[in-house]
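Engineer: Quick one: the structure is below, and I'll ask about it shortly.
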Amino acid sequence: MDSLLSGQLLVATLVVGALYALVALGLNLIYGTMRLLNIAHGDLVMLGAYVSYWGFSLASVSPLVSMFVAMALSALLGMAIYVVLVRRALHSTALVARIEANSLLIFFGVSVILQNTAALLFTANPRAYAYLDQVIRIGDAAISANRLVVLVVALVVCVAAILYLRLSMTGLAIRALIQERDAARLAGIEPERIHLLSFALGFAMAALAGSLISMIQQVSPFMGFPFTIAAFVIIILGGLGNLMGSLIGGFLLAAIETYGVALTSASFRSILIYGVFIAVLVWRPQGLFGGARVAR
Amino acid sequence: MNLLELDAIEKRFGGVVAVQALSFAVATGEIVGIMGVNGAGKTTVFSLVAGNQRPSAGAIHFDGRRIDGLRPDAINRRGIARTFQIVRPFSGMSVVENVAIGAMYGAGRERSPSAATARARAILDEVGLADRAGDRAGALTLAGRKRLEIARALATAPRLLMLDEVLAGLTPVEVDEALAMLLALKRRHGLTLLVIEHVMRALMRLCERIIVLHHGEKIAEGAPDAVAADRRVIDAYLGEPAP
Amino acid sequence: MTRRRLAAATAFLAVVALAALAPFLLGPYLVGVALDLLMWIALAESWILLSGMTGYISLGHAVFFGTGGYVMVLAWGVLPFWLVVPLGGLVAGLLALAIGYPCLRVRGPYFVILTFGVAEFAKFVVVAIEAGLGKAGRLMFGAPSLDELYFVMLALAAAAFVIADCVRRSRFGAGLRAIREDEDAAETIGVPTTRFKILAYTLSAIIPGMVGTVMVLRSTYFEPLQVFDPLISFTIVTMAIIGGSDGAPGPLMGAVFLVSLSELLWANLPEVYMILLGALLVGFVLGAPDGIHGWIRARLARRGA
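Heads up: the protein sequence lines correspond to chains A, B and C, in order.
With the first letter of the first sequence counted as 1, position 69 gets the number 68 in numbering that gives the first Met the number 0; the numbers rise by one all the way through.
With the first letter of the second sequence counted as 1, position 168 gets the number 167 in numbering that gives the first Met the number 0; the numbers rise by one all the way through.
With the first letter of the third sequence counted as 1, position 245 gets the number 244 in numbering that gives the first Met the number 0; the numbers rise by one all the way through.
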């Protein structure tokens, strides 16, 4: 039982929590401003991971550099998807009435396309590379340097994103749109610009997470899926549209996962995550911190 | 015994009080109007009676039995139907199908789709939409959609029909036609009417009794002429306190 | 109207009779393909009972297929085949009831991702159970022949089609479609929305449960990750969207189209097939949301009316 209190588990929770928070923030940004659930979100993590993997394997580029490339590519993809697919759905009277269901299906299709394109191009074999894997000791815990980097970068970006949204004019506009769509329009905020920005930012954050993850985990075409689910659990736990809630929720889920697995076994990881998912959706769809109202 | 009774009804949305300490009754066969400036709580009252919202406090009785807290479909089956201020037709379905569904459910509960369709056609005749029966509901004009909303509510065989601003946007001639139609419907179907209206002229002519709401409270109740002359009502509309 | 229905019914029976001849005329490979086609028809026709009619999209319908399969696995050798098939359907129906009761009270996108989460949850629970029982996959000995399974599946597909058609034309179906159009307005005119959603969901689970009991005998090897595969859910959804989810002919068309496509591509280019599937789903949602059947119906209406 004293292993439960070890620094090791705490470190694992922090690293995973920071990554989860990063992924969840991106998803929540898109949901908050547009009420669209991007099921393909985890696959952008996968894309970011592959960019860094190939960058390192083919050109020895550090993931800390290739992550910027990953973010840029992903942001472009996000804007392209918005312009080509989502905007069409939003502007069609036939589709916009059931926009949530329709957009889910669209993102579902995009997810399948992304996963299988990766499988076609890169094969389904998991890949990995070694970078910054020296071990550092902090107290009674040992942490590899790459995990430490992941934790720091993810945390910094999350905090920076939240600060940006709190303090900048654009951030303010985004938050206004999240809280009160129609009133925001009246205040002169153009939803179109914000939507584009949300997609770009959300997709970029996911890809960044992917680049970071590629340092510490195997990369494969279907790796993104658990991150999508985790992100959904987190944004529901923290409250849809509630960005700070996503940060806290990320660490909370990571804790449940890490300590839950320590108490049971590794094979229970999925059961834990999906179990939490179902429990939260059924009993407290408005999340632990409230926020957006659930339509009943 | 009154058909509908509201007893000290209150509705709060978070910190906002939409309706408070509201009590009134509607007797069988009456035509009662509800009026008030925008935001006075009129539509909220309809939502509370029809079950779309639950009161925060107080009780609502229909035909002697308590109905607050029941789901809207259960209340509709007991005999209360409402229209929505912003009409909500089933746009993808035909006009006649919209009304037929009302006939299949509600208090009438027609089991066979063909019998329901026949009853729907009869009602469409009464509201003047018979020639548009096969059209898509979404293709109707606003006036047409308002009449469809009334027809669909009527198809549920209610005893109490609640109409929410059905005359809005009509020309004076159309208003007269609509009033005549409503009175004919009331007579033919033995309805009790509860009507929210902004078109004052129509409200005064149609209703035997009018309730005036302001900031969610009842500030006047009585015959149309009495209410029109009531100081508090005038102040509410003009927005200035009496000296 | 009745004459048209009579003609349609006759055509339907003729098609079923023709399909019944397959095992006598075709070799085992093609019978296998036909069996797969019938399976997808049965699954997709059942799926639309809730998801097509009310718009509450179930992204995890594989859970009912897998549940039926697991019932057969557990009961194999213990109970006779003809008893286990309906038992699988019953268990799947009860599962739907258990899921639907809490889950159909939440709206829109919540329900969709919830069905997905439930399917995955069930999958990992079964994996854990099997691991706990010490079984890494099971072999099913003494399974019925391919032809026998074929006839059972034909019956299931035909039943699913008929049920979908009957529901579409019924008072119940009208209520479901009203829910799809505007749930609050439907409730206000007396449609018991929650009760109907749960009923439709339960109905939509029964035949997939039975299909699962049959298919697990076809491969004679049971592996939880296969029968609860999200790919099954995805394929059902795509078939119904492409074919059309409002009425019985749609899923049939979607199944025929996709099975044909898969026959062309799956053996050599499975990823290409999947990419095409994803693209078709996106394309149809954006461009032809009523599917092939809806498109045909619209063309006929413009010509006829």
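Even for Gly, the Cβ is constructed at its ideal location relative to N, Cα and C.
1. Within 7 Å of any Cβ in chain C, is that where the Cβ of G189 (chain B) sits?
2. Along chain C, in chain order, which residues have C-beta atoms closer than 9 Å to that of N101 (chain A)?
3. Mind listing the chain C neighbours of F276 (chain A)? Cutoff is C-beta to C-beta under 7 Å, in chain order.
4. Can you have a look at N37 (chain B) and say buried or exposed, based on whether 16 or more other CB atoms are within 10 angstroms of its CB?
5. Measuring CA to CA, which of A:R146, A:N115, A:A153 and A:I137 is closest to V271 (chain C)?
6. Considering just the uninterrupted stretch of the alpha helix (DSSP H) at I218 (chain B), what are its terminal residues?
7. Would you mind reading off the limits of the alpha helix (DSSP H) that contains S50 (chain C)?
8. Can you check whether the C-beta of A249 (chain C) is within less than 7 Å of a C-beta belonging to chain B?
9. Tell me which residues share the same chain as Q217 (chain A) and place their Cβ nearer than 6 Å to its Cβ, disregarding the 5 neighbours each side in the sequence.
10. Which residues in chain A have a C-beta closer than 9 Å to the C-beta of L276 (chain C)? List them in chain order.
11. Quick one, are the C-beta atoms of A121 (chain B) and G78 (chain B) less than 7 Å apart?
12. Whose C-beta lies closer than 8 Å to the C-beta of R298 (chain C) among residues of the same chain, with five residues either side of it excluded?
13. Give the range of the beta strand (DSSP E) segment to which Q19 (chain B) is assigned.
14. Return the residues of the segment 113-132 of chain B that lie within a Cβ-Cβ distance of less than 8 Å from chain C, sorted by chain order.
15. Alpha carbon to alpha carbon, how far is E180 (chain C) from V14 (chain A)?
16. Check this for me: beta carbons of G87 (chain C) and V70 (chain C), under 7 Å apart or not?
17. Could you tell me the alpha carbon to alpha carbon distance between A294 (chain A) and A88 (chain A), rounded to whole angstroms?
18. List, in order along the chain, the chain C residues whose C-beta lies closer than 7 Å to that of N37 (chain B)?
19. Distance check for A261 (chain A) and G136 (chain C), CA to CA, integer angstroms please.
20. DSSP on D181 (chain C), reduced to helix/strand/coil?
21. So if I threshold CB-CB distances at 7 Å, which residues from the segment 196-223 of chain B count as touching chain C?
22. Any Cβ of chain B within less than 7 Å of the Cβ of V126 (chain C)?
23. Quick check on I56 (chain C) - is its C-beta less than 7 Å from some C-beta in chain A?
24. Give the residues of chain C in contact with R97 (chain A), contact being defined as C-beta atoms less than 7 Å apart.
25. Please report the Cβ distance between A23 (chain A) and S264 (chain A), rounded to the nearest whole angstrom; I am assuming they are in contact, meaning their Cβ atoms lie under 8 Å.
26. Only counting the same chain, and skipping five residues up and downstream in sequence, which positions put a Cβ closer than 6 Å to that of R292 (chain A)?
27. Using three-state DSSP, classify L306 (chain C) as helix, strand or coil.
28. Quick check: the Cα distance between A39 (chain B) and F12 (chain B), rounded to an integer number of angstroms?
29. So which residues of chain C does Y236 (chain B) contact, with C-beta pairs closer than 8 Å?
30. Which residues of chain C have a Cβ atom closer than 9 Å to the Cβ of F23 (chain B), listed in chain order?
31. Suppose contacts are defined by Cβ-Cβ distances below 7 Å. Is A156 (chain C) in contact with A33 (chain C) by that definition?
32. Checking contacts by CB at 7 Å: is M273 (chain C) closer than that to chain A?
33. Counting contacts by CB-CB distance shorter than 7 Å, is F195 (chain C) in contact with chain A?
34. Compare the C-beta of P157 (chain B) with all C-beta atoms of chain D and state if any pair is closer than 7 Å.
35. Strictly under 7 Å for the Cβ-Cβ distance: is M180 (chain B) near chain C by that measure?
36. Cutting at 8 Å between CB atoms, please list the residues of its own chain near A239 (chain C), excluding the five before and the five after it.
Structural biologist: Result, derived from the coordinates:
1. Within the second sequence, the letter at position 190 stands for residue 189 (chain B). No, no contact with chain C.
2. The residue given as residue 101 (chain A) occupies position 102 in the first sequence. By Cβ distance, chain C contributes V284, L285 and P288.
3. For the purposes of this step, residue 276 (chain A) is identified with residue 277 of the first sequence, where counting begins at 1. Against chain C, the beta carbon of F276 (chain A) has neighbours under 7 Å at G116, listed in chain order.
4. Within the second sequence, the letter at position 38 stands for residue 37 (chain B). With fewer than 16 other Cβ atoms within 10 Å, it is exposed.
5. In the third sequence, the residue the question calls residue 271 (chain C) occupies position 272. When the alpha-carbon of V271 (chain C) is set against those of A:R146, A:N115, A:A153 and A:I137, the nearest one is in A:N115.
6. Here residue 218 (chain B) corresponds to residue number 219 of the second sequence, with the count starting at 1. Note, I218 (chain B): premise wrong, no alpha helix (DSSP H); beta strand (DSSP E) at E216 to G221.
7. Here residue 50 (chain C) is taken as the residue at index 51 of the third sequence, counted from 1. Counting along the chain, the alpha helix (DSSP H) containing S50 (chain C) begins and ends at S50 to T53.
8. Taking the first residue of the third sequence as position 1, residue 249 (chain C) is located at position 250. The sequence shown places Gly at residue 249 (chain C), rather than the Ala named in the question. So, not an interface residue.
9. Taking the first residue of the first sequence as position 1, residue 217 (chain A) is located at position 218. Once the five neighbours on either side are set aside, the close Cβ partners of Q217 (chain A) are P125 and A127.
10. As a working note, residue 276 (chain C) is residue 277 in the third sequence. Neighbours of L276 (chain C) on chain A, chain order: G108, V111, I112 and N115.
11. Looking up residue 121 (chain B) in the second sequence gives position 122. Looking up residue 78 (chain B) in the second sequence gives position 79. No, the Cβ-Cβ distance between A121 (chain B) and G78 (chain B) is not below 7 Å.
12. Taking the first residue of the third sequence as 1, we reach residue 298 (chain C) at position 299. Once the five neighbours on either side are set aside, R298 (chain C) has no close Cβ partner at all.
13. Here the question's residue 19 (chain B) lines up with position 20 in the second sequence. Here the beta strand (DSSP E) through Q19 (chain B) covers V15 to V25.
14. Taking 8 Å as the Cβ-Cβ cut-off against chain C, the residues of the segment 113-132 of chain B that qualify are A115.
15. For the purposes of this step, residue 180 (chain C) is taken as the residue at position 181 of the third sequence. For the purposes of this step, residue 14 (chain A) is taken as the residue at position 15 of the first sequence. Spanning the two alpha carbons is a distance of roughly 46 Å.
16. Position 88 of the third sequence, counting from 1, holds the residue named residue 87 (chain C). Position 71 of the third sequence, counting from 1, holds the residue named residue 70 (chain C). It is a contact, given that the beta carbons lie within the stated cut-off.
17. Mapped onto the first sequence, residue 294 (chain A) falls at position 295. Mapped onto the first sequence, residue 88 (chain A) falls at position 89. Residue placement at A294 (chain A) is poorly supported in this model, since its pLDDT is 35, which falls under 50; the coordinates still yield a value, given next. Approximately 21 Å, taken between the alpha carbons.
18. Taking the second sequence and counting its residues from 1, the one referred to as residue 37 (chain B) is at position 38. Per Cβ cutoff of 7 Å: no residues; N37 (chain B) is ~22 Å from chain C at best.
19. Residue mapping note: residue 136 (chain C) aligns to position 137 of the third sequence, counting from 1. Residue mapping note: residue 261 (chain A) aligns to position 262 of the first sequence, counting from 1. Per the coordinates, the alpha-carbon of G136 (chain C) lies some 26 Å from the alpha-carbon of A261 (chain A).
20. Residue 181 (chain C) sits at position 182 when you count from the first residue of the third sequence. Coil.
21. none
22. On the third sequence, residue 126 (chain C) is found 127 positions in, with the first residue counted as 1. Cβ-Cβ to chain B under 7 Å: no for V126 (chain C).
23. Here residue 56 (chain C) refers to the residue found at position 57 of the third sequence. Yes, contact with chain A.
24. Reading the first sequence from its first residue, position 98 is the one you call residue 97 (chain A). Those are G54, listed as they occur along chain C.
25. As a first step, residue 23 (chain A) must be located in the first sequence, where it is residue number 24. As a first step, residue 264 (chain A) must be located in the first sequence, where it is residue number 265. That pair is no contact at about 26 Å.
26. Your numbering for residue 292 (chain A) matches position 293 in the first sequence. Only weak support exists for where R292 (chain A) lies, its pLDDT of 42 falling under 50; the value from the coordinates is given anyway. So the list is empty, once near-sequence residues are dropped.
27. The structure shown does not extend to residue 306 (chain C), since chain C is modelled only from 0 through 304, so no value can be given for it.
28. The residue labelled residue 39 (chain B) in the question sits at position 40 within the second sequence. The residue labelled residue 12 (chain B) in the question sits at position 13 within the second sequence. Distance between the alpha carbons of A39 (chain B) and F12 (chain B) is about 14 Å.
29. The residue you call residue 236 (chain B) lines up with position 237 of the second sequence. By Cβ distance, chain C contributes nothing, its closest Cβ being about 30 Å from Y236 (chain B), past 8 Å.
30. Your numbering for residue 23 (chain B) matches position 24 in the second sequence. Here the premise fails: no neighbours, minimum Cβ distance about 22 Å.
31. Along the third sequence, read from residue 1 onward, the residue named residue 156 (chain C) stands at position 157. Along the third sequence, read from residue 1 onward, the residue named residue 33 (chain C) stands at position 34. It is not a contact, given that the beta carbons lie outside the stated cut-off.
32. Numbered from 1 along the third sequence, position 274 holds the residue referred to as residue 273 (chain C). Yes, contact with chain A.
33. Your numbering for residue 195 (chain C) matches position 196 in the third sequence. Judged by the 7 Å Cβ criterion, F195 (chain C) is not in contact with chain A.
34. This model lacks chain D altogether; the protein chains it does include are A, B and C.
35. Position 181 of the second sequence, counted from the start, is the residue given in the question as residue 180 (chain B). By the rule that beta-carbons nearer than 7 Å mark a contact, M180 (chain B) does not touch chain C.
36. Within the third sequence, residue 239 (chain C) is the residue found at index 240, counting from 1. Contacts found: A43, W46, I47, S50, G51, G249, P250, G253 and G290.
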